[in-house]
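Participant: Residue numbers (the working numbering): 122 to 255.
Yeah, the Cβ is synthetic: ideal placement off N, Cα and C, and Gly gets one too.
1) Can you pull the DSSP bridge partners for residue 250?
2) Comparing alpha-carbon positions, which option in 239, 231 and 199 lies nearest residue 212?
3) Is the stretch 196-207 in contact with the stretch 157-166, if contact means three or more CB pairs nearer than 8 Å?
4) Hey, out of 229, 173 and 237, whose CA is closest to residue 202's CA?
5) Using alpha carbons as the reference points, say which of 153, 157, 139 and 135 lies closest to residue 178.
6) Go ahead and pull the three-state DSSP assignment for residue 171.
7) With three or more C-beta pairs closer than 8 Å as the rule, is the stretch 176-195 touching the stretch 126-140?
8) Quick check on residue 179: does DSSP put it in helix, strand or coil?
9) Indicate the three-state DSSP secondary structure (helix, strand or coil) for residue 184 in the structure shown.
10) Considering only residues of the same chain and omitting the five flanking positions on each side of residue 199, which have a CB-CB separation below 7 Å?
11) What residue range does the beta strand (DSSP E) around residue 158 cover?
Structure follows, in structure tokens:
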């Protein structure tokens, strides 16, 4: 039963091509597959949930996104292992994507929270979290 699970999340982006390139490799590494593609958007799907990226209209680009304003702060994804967190971290560095809280990586969320934090091209914070070692 899927009642209550997220069906999809739609994000408006400042540059669809840049965002699709950025998100595509990451989501595909997590098992997502391209779901839809049209001139002003693209989505990736995993199971019954999909993420949609849509080009924002020019008239709405004058105020940039900031995660500390009212609204969405960040998206957090499950990793399948600590090794996957480290593999993604390495790929992020290879792509010159700054790691947030690098001085505390991989425990920036606490000693029992193994994760990597980074930002997408519009500066939305993204988190990849390994299962707890419990």
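Facilitator: The structure says:
1) 199 and 236
2) 239
3) no
4) 237
5) 135
6) strand
7) With a cut-off of 8 Å, the stretch 176-195 and the stretch 126-140 count as touching, because enough Cβ pairs lie within range.
8) If DSSP states are grouped into helix, strand and coil, residue 179 belongs with the helices.
9) coil
10) The beta carbon of residue 199 sits closer than 7 Å to those of 250, all from its chain and outside the five residues before and after it, given in chain order.
11) For residue 158, the enclosing beta strand (DSSP E) covers residues 154-159.
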